[in-house]
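Trainee: Supplied in structure tokens, the structure appears directly below.
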């Protein structure tokens, strides 16, 4: 999961995309065995906004190959 900006800043998201994500993301997160978040902030949003159990979420930061 990259972020939940469509929830945190709904005015910045396309209305059609926002409606789709608001239907699909909560269901997908609830059905998943485990969720990868790319930041601690996203992990905390998943917990706060969707009630996702903390032990179900791991943070995996994006890698960089220099």
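Numbering (my numbering), first residue to last: 1198 to 1263. We put the beta carbon where it would ideally sit given N, CA and C, even for glycine. These figures come from a predicted structure and were not determined experimentally.
1. Whose C-alpha, out of 1247, 1233, 1258, is nearest the C-alpha of residue 1224?
2. Contact check, residue 1243 vs residue 1256 under 8 Å by CB: the rounded distance?
3. Going by DSSP, name the residue or residues bridged to residue 1261.
4. Going along the chain, which residues of its own chain have a beta-carbon closer than 8 Å to the beta-carbon of residue 1199, five neighbours each way excluded?
5. Would you mind reading off the limits of the beta strand (DSSP E) that contains residue 1234?
Mentor: On the basis of the data shown:
1. In the chain shown, counting from the first residue as 1, residue 1224 sits at position 27. Ranking 1247, 1233, 1258 by Cα distance to residue 1224 puts 1247 first.
2. Walking along the chain shown from the start, residue 1243 turns up at place 46. Walking along the chain shown from the start, residue 1256 turns up at place 59. That pair is no contact at about 10 Å.
3. Your numbering for residue 1261 matches position 64 in the chain shown. Answer is none; residue 1261 lacks a bridge partner.
4. Counting from one through the chain shown, the residue named residue 1199 turns up at place 2. Counting only Cβ-Cβ distances below 8 Å, and skipping sequence neighbours, we find 1235, 1239.
5. Position 37 of the chain shown, counted from the start, is the residue given in the question as residue 1234. Taken as a continuous stretch (DSSP letters only), the beta strand (DSSP E) holding residue 1234 covers 1232–1234.
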